[in-house]
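Worksheet for the structure shown next.
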Amino acid sequence: IIKNLKEAHFNQIELGWTHPDTIPKAVKVCNEEGLDLIVQNLEMFGSFQDRLGAENTEDVVKDVIELYGSEPCVKGYYIWDEPGQS
Numbered sequence: 675i676i677k678n679l680k681e682a683h684f685n686q687i688e689l690g691w692t693h694p695d696t697i698p699k700a701v702k703v704c705n706e707e708g709l710d711l712i713v714q715n716l717e718m719f720g721s722f723q724d725r726l727g728a729e730n731t732e733d734v735v736k737d738v739i740e741l742y743g744s745e746p747c748v749k750g751y752y753i754w755d756e757p758g759q760s
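Per the working numbering, the sequence shown runs over residues 675 to 760.
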């Protein structure tokens, strides 16, 4: 999929709704293909609509940066889409 996106002239993708096991594979291919990446891992940080993920504490942010921060393709982290209903 990432190679197809590159051929379609995309230069950045985000990993919305991606299974956490897929993230390292996507990072590897994005680095190889020269695509920028916004990482989302709902099991580790962030939320999406009514699906609440882990709390976004300073420690969580540090852990995420430790995992992905040194990867050239990673340009940011997708933390929140829309506020959920309260």
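Positions of the beta carbon are idealized from the N, C-alpha and C atoms, including for glycine.
Problem set entry | Element boundaries [alpha helix (DSSP H), containing Glu740] | 732-742
Problem set entry | Same chain only: Cβ atoms within 7 Å of Ile753, ignoring 5 sequence neighbours per side | Phe719, Gly720, Asn730
For this session: May I ask you to report which of helix, strand or coil DSSP gives Leu679?
Result: helix
For this session: Assign Gln714 to buried or exposed, taking buried as 16 or more other Cβ atoms, counted over all protein chains shown, within 10 Å of its Cβ.
Result: buried
Exercise. Which runs of the beta strand (DSSP E) spanning at least 3 residues fall entirely within the segment 681-713, listed in chain order?
Worked result: 686-688, 710-713
For this session: Using 10 angstroms around the beta-carbon of Val738, count the other beta-carbons present and answer buried if the total reaches 16, otherwise exposed.
Result: buried
Exercise. Between the beta-carbon of Pro746 and the beta-carbon of Asn705, is there less than 7 Å?
Worked result: yes
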